[in-house]
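Student:
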Amino acid sequence: MVNSVLLASNVSVRSKAIAAALVFLLSGFGFFAGIGTTEIEVLASAGVGGWLYYTASLFVFGGTDLGLPVYKPGAAFAYVALYSSYFLAPLVTTSFVAEALLSLVRSTEQHRMVLENHTVLLGEGDFANAYRQAIRKVSPDKQLLIVRHDEDALVGLAPDYTQSSDNIIQLHTNAFDKNFAAELRLSEASEVICIGGDDLVNLELAWQFSNANPKISIAAHVADLTLLRRVSPIIRSARQSGKERPPGVFSTHRIASFQLFDMSLTAHFDKTPDRDLLIIAGLGRFAETMLELVSVNAVEQIEKVVLVAPDANRRLRQLSADISFLELEIECVDGKLEDPRTWD
Numbered sequence: 001m002v003n004s005v006l007l008a009s010n011v012s013v014r015s016k017a018i019a020a021a022l023v024f025l026l027s028g029f030g031f032f033a034g035i036g037t038t039e040i041e042v043l044a045s046a047g048v049g050g051w052l053y054y055t056a057s058l059f060v061f062g063g064t065d066l067g068l069p070v071y072k073p074g075a076a077f078a079y080v081a082l083y084s085s086y087f088l089a090p091l092v093t094t095s096f097v098a099e100a101l102l103s104l105v106r107s108t109e110q111h112r113m114v115l116e117n118h119t120v121l122l123g124e125g126d127f128a129n130a131y132r133q134a135i136r137k138v139s140p141d142k143q144l145l146i147v148r149h150d151e152d153a154l155v156g157l158a159p160d161y162t163q164s165s166d167n168i169i170q171l172h173t174n175a176f177d178k179n180f181a182a183e184l185r186l187s188e189a190s191e192v193i194c195i196g197g198d199d200l201v202n203l204e205l206a207w208q209f210s211n212a213n214p215k216i217s218i219a220a221h222v223a224d225l226t227l228l229r230r231v232s233p234i235i236r237s238a239r240q241s242g243k244e245r246p247p248g249v250f251s252t253h254r255i256a257s258f259q260l261f262d263m264s265l266t267a268h269f270d271k272t273p274d275r276d277l278l279i280i281a282g283l284g285r286f287a288e289t290m291l292e293l294v295s296v297n298a299v300e301q302i303e304k305v306v307l308v309a310p311d312a313n314r315r316l317r318q319l320s321a322d323i324s325f326l327e328l329e330i331e332c333v334d335g336k337l338e339d340p341r342t343w344d
């Protein structure tokens, strides 16, 4: 099959080259015989360079810059030859353009046909790459469509697909383009994961894809815990109403904190008869999640929590606006973690 396609392609290129050469021969013969045009009376004096230039223009303008050939008594064959080149040159050009467009359409359709039971992963950077590697460990043969969202990317153009050897198709585009959902083949995908660096973009795209195909499983990563607390009740309410199936949301910080609590802290608390002193160094999103988890599940096992961070007091005040820590004694130490005086 491949050999036959390559043979057909070679034959097509060869035939076009022959047609182009024929155009030059016919027009050159006409010019040499003294056939002029309505715009240029005498072309014989233009020389070989002029004949080549004017003949080349036939492929681009179809002779519109020369005018039509003018019949010369006694040179009927040269007149017909030049007129023939006028018609043949545009046909060669049109054939090249049409074949290029068809090749582009076939290439796009070929990549579209490849997509089946695939996972759409929207995101870039270390986070998305780590998630891609995790999918590969669980499902080595899983087909992945990785989308890198760029709001500055041109819309309305045929997508630029590049497929790697490990069954991955990468796509760089503006994911907010109204026609973009069709490129994802959502009806044939198994799930969509929006795991970009912008939480709001993840949520907006997840809802956009969910509206396009409510049956597919869609999840959006939300790193900001405050935003996650606002969105989660909305999603639960929408699911309980049964009118729509909103996308799910998840936070890797929450997943990691639950694993740490279940696999390490719970076993530690069981081994210590007295209540523990828990020191949390740093107060980023992971630490905030861990503090929230401890305040709900380990109040009786912990005597005090000490938060150490450059702005621990301010961060705790912000966090207390969303979470109640009344049953947990918390002491804050404002200081840099790498400064020994902080720990003194």
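Positions 1 to 344 (the working numbering) are the ones given, in order, by the sequence shown. Every residue gets a Cβ at the ideal spot worked out from N, C-alpha and C, and that includes glycine. All values derive from a computational prediction rather than experimental measurement.
1) Of all the options I280, K142, V120, R239, which has the alpha carbon lying nearest to the alpha carbon of G334?
2) Could you check where the beta strand (DSSP E) with F389 kicks off and where it finishes?
3) Where does T119 land, buried or exposed, given buried means 16+ other C-beta within 10 angstroms?
4) Which term fits F290, buried or exposed, when burial requires 16 or more other beta carbons within 10 angstroms of its beta carbon?
5) Return the residue from the list P214, R317, E327 that minimises the CA-CA distance to L293.
6) Helix, strand or coil for Q301? Go by DSSP, reduced to three states.
7) Assign L121 to buried or exposed, taking buried as 16 or more other Cβ atoms, counted over all protein chains shown, within 10 Å of its Cβ.
8) If we cut at 7 Å on Cβ distances, does A267 have a partner in chain B?
9) How big is the Cα-Cα spacing for K142 and L283?
10) Hey, out of E124, V305, N313, L227, whose CA is closest to H172's CA?
11) Given a cut-off of 7 Å on the beta-carbon distance, is the pair I330 and V305 in contact?
12) Below 7 Å between beta carbons: does that hold for L250 and S295?
13) In chain order, which beta strand (DSSP E) runs of at least 3 residues are fully inside the region 203-253?
14) For L265, report the span of its beta strand (DSSP E) as first-last.
15) Could you check how far apart the C-beta atoms of C194 and A206 are, in whole angstroms? I think they sit under 8 Å.
16) If you follow the beta strand (DSSP E) that I193 is in, where does it begin and where does it stop?
Tutor: By the coordinates alone:
1) Looking up residue 334 in the sequence shown gives position 334. The amino acid at residue 334 is misidentified as Gly; the sequence shows Asp. Sorting I280, K142, V120, R239 by C-alpha distance to the C-alpha of D334 places I280 at the top.
2) The structure shown does not extend to residue 389, since the chain is modelled only from 1 through 344, so no value can be given for it.
3) Numbered from its first residue, the sequence shown carries residue 119 at position 119. Of the residues assessed, T119 falls on the buried side of the cut-off, its CB having 16 or more other CB atoms within 10 angstroms.
4) Here residue 290 refers to the residue found at position 290 when the sequence shown is read from its first residue. At residue 290 the sequence reads Met, which differs from the Phe that was named. Answer is buried; the Cβ neighbour count reaches 16.
5) Here residue 293 refers to the residue found at position 293 when the sequence shown is read from its first residue. Considering only alpha carbons, the answer is E327.
6) Translated into positions along the sequence shown, residue 301 becomes position 301. The answer is coil: DSSP assigns Q301 none of H, G, I, E or B.
7) Along the sequence shown, read from residue 1 onward, the residue named residue 121 stands at position 121. The residue is buried, with at least 16 neighbouring Cβ atoms inside 10 Å.
8) Among the chains in the structure shown there is no chain B, since it carries only a single protein chain.
9) Against the sequence shown, residue 142 aligns to sequence position 142. Against the sequence shown, residue 283 aligns to sequence position 283. The alpha-carbon of K142 is positioned some 37 Å away from that of L283.
10) As a first step, residue 172 is located in the sequence shown; it is residue number 172 there, counting from the start. Of the listed residues, the one whose Cα sits closest to H172 is E124.
11) Within the sequence shown, numbered from 1, the residue matching residue 330 stands at position 330. Within the sequence shown, numbered from 1, the residue matching residue 305 stands at position 305. Their beta carbons are under 7 Å apart, which means I330 touches V305 by this criterion.
12) For this step, residue 250 is matched to residue 250 along the sequence shown. For this step, residue 295 is matched to residue 295 along the sequence shown. The residue asked about is misnamed: residue 250 is Phe in this sequence, not Leu. Judged by beta-carbon spacing, S295 lies beyond the 7 Å limit of F250, meaning their Cβ atoms are not closer than that value.
13) Positions of the beta strand (DSSP E) runs, each at least 3 residues long and wholly inside the region 203-253, are given as 217-221, 248-250 in order along the chain.
14) The residue you call residue 265 lines up with position 265 of the sequence shown. Note, L265: premise wrong, no beta strand (DSSP E); not H, not E.
15) For the purposes of this step, residue 194 is taken as residue 194 along the sequence shown, with counting starting at 1. For the purposes of this step, residue 206 is taken as residue 206 along the sequence shown, with counting starting at 1. Right, their Cβ atoms sit about 5 Å apart.
16) For the purposes of this step, residue 193 is taken as residue 193 along the sequence shown, with counting starting at 1. It spans 191-194 - the beta strand (DSSP E) in which I193 sits, taken as one unbroken run.
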